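**Q** Here our numbering is used: position 73 in the sequence shown is 81, and no number is missing along the way.
For each residue, glycine too, the CB sits at the ideal point set by N, CA and C.
Quick caveat, the model's predicted, so the values are computed rather than measured.
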Amino acid sequence: MLLALNVNNTNTVIALYSIKNGHVGDLRITWRISTRHAQTADEYGILVRNLLQGEGIDSKAITGIVIASVVPPIDWILRQFCERYFEQKPLFIEPGVRTGLPIRIDNPGEAGADRIANCVGAFEKYGGPCIVVDFGTATNFDVISRKGEFIGGAIAPGLNISADALFARAARLPRVEIKRPAKIIGTNTVDNLQIGLFYGHIGLVDSILERMIAELGKETTCVATGGLAHLIAGDSKYISHINDTLTLEGLRIIYERHRNARTRPHPDE
């Protein structure tokens, strides 16, 4: 089985794919845990093995591991965890890995692993041009050209970051649940905050998408993923698909491409 990890600043999503006849098959299950910088390799190992055991899966069934991490300080811990508990050398999405995605930005090494996985998964499923809006700690806009190239995007503060900044700076404003408001004109402080946070973020997203679509063309497909996708995307004028497993699907595809590239015989052999 293939173990896939999407490690972000707030959460880590863990996924399990079956492998049949040498090919990665269907997504079996996913788990979402908090990303803790102080967590040790042993803590990761115990947690993941317990999750597997809960599904009746022996750790020896894991024959491959692929990781997209945007938290470099814990990458070495993740490597230790994989090697110690699964006896596997993980494939990190990093420069040098065969992703099949041409990266047409000023400094390709700056492209985050999760953004690369998003682009690979989106182009495979939706074609191009395509924009992936990843609602996580930050709200990322990843743009794929008609030819399947990552040509850039944008990064905005995520909804939770914006809310935390507001509550921290305004002592008299209460911390509120972030949800879709029942009305657009608030009659109390809680209403006012929820309306401003929710529709303010939708306005940010749609304003950026409108300008990107004007440059790419009206046939551009807009896809939402990430932890807050279901909360926000339904009210967007431009987002037509919500795909919870897009990043994981990108990781699965990259893993297969990298493995196939390594096992393919050289022409001279």
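Cα separation between Ala49 and Gly204?
**A** Along the sequence shown, read from residue 1 onward, the residue named residue 49 stands at position 41. Along the sequence shown, read from residue 1 onward, the residue named residue 204 stands at position 196. Roughly 41 Å separates the two Cα atoms.
**Q** Quick one: give me the first and last residue of the alpha helix (DSSP H) that His209 is part of.
**A** Mapped onto the sequence shown, residue 209 falls at position 201. Start and end: 197-224.
**Q** Just curious, the beta strand (DSSP E) that Asp122 is in, first and last residue?
**A** In the sequence shown, counting from the first residue as 1, residue 122 sits at position 114. Here Asp122 belongs to no beta strand (DSSP E); instead the alpha helix (DSSP H) covers 121-134.
**Q** Alpha carbon to alpha carbon, how far is Glu132 from Tyr25? Give it in angstroms, no decimals.
**A** Within the sequence shown, residue 25 is the residue found at index 17, counting from 1. Within the sequence shown, residue 132 is the residue found at index 124, counting from 1. Using only the alpha carbons, I get a separation of about 18 Å.
**Q** For the stretch 126-140 and the stretch 220-233, state whether three or more C-beta atom pairs, one from each stretch, are separated by less than 8 Å.
**A** Because the criterion of three Cβ pairs below 8 Å is met, the stretch 126-140 and the stretch 220-233 touch.
**Q** Pick out whichever of Leu13, Met9, Trp39 has its Cα sitting closest to the Cα of Lys68.
**A** Looking up residue 68 in the sequence shown gives position 60. Measuring from the Cα of Lys68, the nearest candidate turns out to be Met9.
**Q** What residues in its chain sit with their C-beta under 8 Å from that of Ile163, if we drop five residues either side in the sequence?
**A** Here residue 163 refers to the residue found at position 155 when the sequence shown is read from its first residue. The residues are Ala146, Thr147, Asn148, Phe149.
**Q** Return the first residue and the last residue of the alpha helix (DSSP H) that Asp66 is part of.
**A** For the purposes of this step, residue 66 is identified with residue 58 of the sequence shown, where counting begins at 1. Element bounds for Asp66: n/a, residue is neither H nor E.
**Q** Taking only three categories from DSSP, how would you classify Arg36?
**A** Reading the sequence shown from its first residue, position 28 is the one you call residue 36. Three-state DSSP puts Arg36 in a strand.
**Q** Going by the beta-carbon positions, is the gap between Leu254 and Asn168 smaller than 8 Å?
**A** Working through the sequence shown from its first residue, we reach residue 254 at position 246. Working through the sequence shown from its first residue, we reach residue 168 at position 160. Not closer than 8 Å, so no.
**Q** When you compare the CB positions of Asp53 and Phe100, do they come within less than 8 Å of one another, or not?
**A** For the purposes of this step, residue 53 is taken as the residue at position 45 of the sequence shown. For the purposes of this step, residue 100 is taken as the residue at position 92 of the sequence shown. Going by the sequence as given, residue 53 is Gly instead of Asp. Not in contact: Gly53 and Phe100 (Cβ atoms no closer than 8 Å).
**Q** Leaving out five residues on either side along the sequence, give the residues of the same chain with a beta carbon under 6 Å from the beta carbon of Gly129.
**A** Position 121 of the sequence shown holds residue 129. Leu254, Glu257, Gly258, listed in sequence order.
**Q** Assess, as a yes-or-no matter, whether the stretch 27-45 is touched by the stretch 75-85 under the definition of 3 or more beta carbon pairs within less than 8 Å.
**A** Output reads yes: the stretch 27-45 touches the stretch 75-85.
**Q** So which of Gly144, Ile221, Gly242 has the shortest CA-CA distance to Arg188?
**A** As a working note, residue 188 is residue 180 in the sequence shown. Closest by alpha carbon: Gly242.
**Q** Out of Ile113, Ile73, Val198, Gly108, state which residue places its alpha-carbon closest to the alpha-carbon of Arg92.
**A** Taking the sequence shown and counting its residues from 1, one reaches residue 92 at position 84. The residue with the shortest Cα to Cα distance from Arg92 is Ile73.
**Q** On the DSSP letters alone, give me the boundaries of the alpha helix (DSSP H) that Leu11 sits inside.
**A** For the purposes of this step, residue 11 is taken as residue 3 along the sequence shown, with counting starting at 1. Premise fails: Leu11 lies in the beta strand (DSSP E), 10-15, not in any alpha helix (DSSP H).
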